[in-house]
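Structure record follows, encoded as structure tokens.
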Amino acid sequence: MQTQLEHLAPDSLDIRLGIFRPCSVESINRMMGSLTSRGQLTPITVVKDKERLLLVDGFKRREAALKLGHKLLSANLVTATPGEAKAMIYLTNRTQSFSMIQEALLVRDLVEVEGLTQVEVATLLERHKSWATRRLMLIRDLSPEIIEELKLHILPPGSGSSLARLHHDNQADFAIAVQTHNLKPRQIKKLVDLWCKSDDPAMQKWLLESPLEALNIARIGKKESTEKWLNYVKIVLENLDALNRALLE
Numbered sequence: 009m010q011t012q013l014e015h016l017a018p019d020s021l022d023i024r025l026g027i028f029r030p031c032s033v034e035s036i037n038r039m040m041g042s043l044t045s046r047g048q049l050t051p052i053t054v055v056k057d058k059e060r061l062l063l064v065d066g067f068k069r070r071e072a073a074l075k076l077g078h079k080l081l082s083a084n085l086v087t088a089t090p091g092e093a094k095a096m097i098y099l100t101n102r103t104q105s106f107s108m109i110q111e112a113l114l115v116r117d118l119v120e121v122e123g124l125t126q127v128e129v130a131t132l133l134e135r136h137k138s139w140a141t142r143r144l145m146l147i148r149d150l151s152p153e154i155i156e157e158l159k160l161h162i163l164p165p166g167s168g169s170s171l172a173r174l175h176h177d178n179q180a181d182f183a184i185a186v187q188t189h190n191l192k193p194r195q196i197k198k199l200v201d202l203w204c205k206s207d208d209p210a211m212q213k214w215l216l217e218s219p220l221e222a223l224n225i226a227r228i229g230k231k232e233s234t235e236k237w238l239n240y241v242k243i244v245l246e247n248l249d250a251l252n253r254a255l256l257e
């Protein structure tokens, strides 16, 4: 790839690829402090695509520069295809906090928008094909609502792979339980395990209504098999239901 150093106006940059690298308000504020005290330490990276200047690295610096009223930013101008530009976002940030959901969104885009095969995507992102396959399956198994909540960190990072095991219709109910009871990724995984091994609607309803209680009982009885534990809880629920009916008579 050919690279040349330029000075570009922050508001002249196309930021459509920022969907793969969202910036928090806190991170932009920190960057504003850095630009004010130390100036721009490293150039941003921009790909020239026809008449557009696609920003691929430096989204926080751009936002901070705009807020501070800076007229120009130093930039490495790179010649690359749209697919290569998207890959550069990952390759320049993978040592930082590039989440699995962001990776999955990028892989899906390269396959469905750029028309690359999974092997080509893996090669472009310097990963194994199985890595690309797992992320493509993850993003396709999650409902759009869950994807959005993961992107916004409404649901905890790392919970996507567990929720993807559920049908789309059940994912929303799980998301409510996760937020209501502040469940952690490990708890979510165990709860999904219990849900998937139960085919009783009353049991599944109870798991979502009382997840912490269910997880605690499962922890205490972890020496028993999951199937035995589920059967025990099912009997308890049936007895409670019978008792409630008797009280109402």
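Residue numbers (the numbering used here): 9 to 257. All C-beta atoms, glycine included, are put in the ideal place defined by N, C-alpha and C.
Problem set entry | CA nearest to the CA of D201, picked from S151, R102, A226, G26 | Looking up residue 201 in the sequence shown gives position 193. Nearest C-alpha to D201: A226.
For this session: Please state whether DSSP places K56 in a helix, a strand or coil.
Result: Locating residue 56 in the sequence shown gives position 48, counting from the first residue. Reduced to three states, the DSSP call for K56 is strand.
For this session: Report yes or no: do three or more beta-carbon pairs, one from the stretch 111-122 and one from the stretch 131-150, lie closer than 8 Å?
Result: The stretch 111-122, when compared against the stretch 131-150, does touch it at the 8 Å Cβ threshold.
Exercise. Comparing alpha-carbon positions, which option in E156, W203, C31 lies nearest N178?
Worked result: Reading the sequence shown from its first residue, position 170 is the one you call residue 178. Closest by alpha carbon: W203.
Problem set entry | Selected residue, minimal CA-CA separation from K94, among K198, D117, P18, L76 | As a first step, residue 94 is located in the sequence shown; it is residue number 86 there, counting from the start. The shortest C-alpha separation from K94 is found at D117.
Exercise. When we look at the beta-carbon of E157 and count the other beta-carbons within 10 Å, is it buried (16 or more) or exposed?
Worked result: Within the sequence shown, the letter at position 149 stands for residue 157. By the neighbour-count criterion, in which a residue is buried when 16 or more other Cβ atoms sit within 10 angstroms of its Cβ, E157 is buried.
Exercise. So what's L255 in DSSP terms, helix, strand or just coil?
Worked result: Position 247 of the sequence shown, counted from the start, is the residue given in the question as residue 255. Per-residue confidence for L255 stands at a pLDDT of 43, beneath the threshold of 50, marking its modelled position as unreliable; no derived number is given.
For this session: Helix, strand or coil for V200, going by three-state DSSP, please let me know.
Result: For the purposes of this step, residue 200 is taken as the residue at position 192 of the sequence shown. The answer is helix: DSSP assigns V200 an H, G or I state.
Problem set entry | Member of L163, G168, G123, L160 whose CA lies at the smallest distance from the CA of R142 | Against the sequence shown, residue 142 aligns to sequence position 134. Nearest of L163, G168, G123, L160 to R142, Cα basis: G168.
Exercise. So is Q195 buried or exposed if we call it buried at 16+ other beta carbons inside 10 Å?
Worked result: Within the sequence shown, numbered from 1, the residue matching residue 195 stands at position 187. Under this definition Q195 is a buried residue.
Exercise. CA-CA distance, D29 and A17?
Worked result: One-based indexing of the sequence shown puts residue 29 at position 21. One-based indexing of the sequence shown puts residue 17 at position 9. A quick correction: the sequence has Arg, not Asp, at residue 29. In a straight line, the C-alpha of R29 is about 20 Å away from that of A17.
Exercise. So, is D59 buried or exposed, given that buried needs 16 or more other C-beta atoms within 10 angstroms?
Worked result: Start at 1 with the first residue of the sequence shown, and residue 59 comes out as number 51. One detail in the question is off: residue 59 reads as Glu in this sequence, not Asp. The residue in question, E59, is exposed, as its Cβ has fewer than 16 Cβ neighbours within 10 Å.
For this session: Ignore the nearest five residues each way along the sequence and tell me which others in G91's own chain have a CB closer than 8 Å to its CB.
Result: For the purposes of this step, residue 91 is taken as the residue at position 83 of the sequence shown. For G91, where only same-chain residues beyond five positions count, the Cβ hits under 8 Å are L118, E122, L124, L132.
Problem set entry | Where the beta strand (DSSP E) containing T11 begins and where it ends | As a working mapping, residue 11 is identified with position 3 in the sequence shown. Run containing T11: 11-16, per the beta strand (DSSP E) assignment.
For this session: Assign A222 to one of three DSSP states: helix, strand, or coil.
Result: For this step, residue 222 is matched to residue 214 along the sequence shown. If DSSP states are grouped into helix, strand and coil, A222 belongs with the helices.
Problem set entry | 8 Å Cβ shell around L251 - same chain, five flanking residues per side excluded | By one-based count along the sequence shown, residue 251 stands at place 243. The predicted model places L251 with a pLDDT of 43, which falls under 50 and marks its position as unreliable, so this point remains unresolved.
For this session: May I ask you to report which of helix, strand or coil DSSP gives V115?
Result: For this step, residue 115 is matched to residue 107 along the sequence shown. Three-state result, V115: helix.
Exercise. Roughly how many angstroms separate the alpha carbons of L43 and R70, rounded to a whole number?
Worked result: For this step, residue 43 is matched to residue 35 along the sequence shown. For this step, residue 70 is matched to residue 62 along the sequence shown. One alpha carbon belongs to L43, the other to R70, and they sit about 11 Å apart.
Problem set entry | Segment contact flag, the stretch 26-40 with the stretch 82-89, C-beta cutoff 8 Å, min 3 pairs | no
Exercise. Whose C-beta lies closer than 8 Å to the C-beta of H136 among residues of the same chain, with five residues either side of it excluded?
Worked result: The residue labelled residue 136 in the question sits at position 128 within the sequence shown. If we look at H136 and ignore the five residues flanking it on each side, its Cβ neighbours are A130.
Problem set entry | Nonlocal neighbours in the same chain, by C-beta distance under 6 Å from A254, ignoring five residues either side | Indexing the sequence shown from 1 puts residue 254 at position 246. Low local confidence applies: a pLDDT of 45 at A254 is under 50, so the model's placement there is unreliable, with the coordinate-based value given in what follows. Closer than 6 Å at the Cβ level, and outside the excluded window around A254, lies no residue.
Exercise. Rounded C-beta distance between L21 and V54? I'm assuming under 8 Å.
Worked result: Residue 21 sits at position 13 when you count from the first residue of the sequence shown. Residue 54 sits at position 46 when you count from the first residue of the sequence shown. At roughly 6 Å, the Cβ-Cβ gap stays under 8 Å, so L21 and V54 are in contact.
Exercise. Hey, would you say H15 sits closer than 8 Å to L80, going by beta carbons?
Worked result: Along the sequence shown, one-based indexing puts residue 15 at 7. Along the sequence shown, one-based indexing puts residue 80 at 72. Yes, these two residues count as a Cβ contact at 8 Å.
Exercise. Exposed or buried, D65, counting other C-beta atoms within 10 Å across all chains shown (16 or more means buried)?
Worked result: Within the sequence shown, numbered from 1, the residue matching residue 65 stands at position 57. It is buried - the Cβ of D65 has at least 16 other Cβ atoms within 10 Å.
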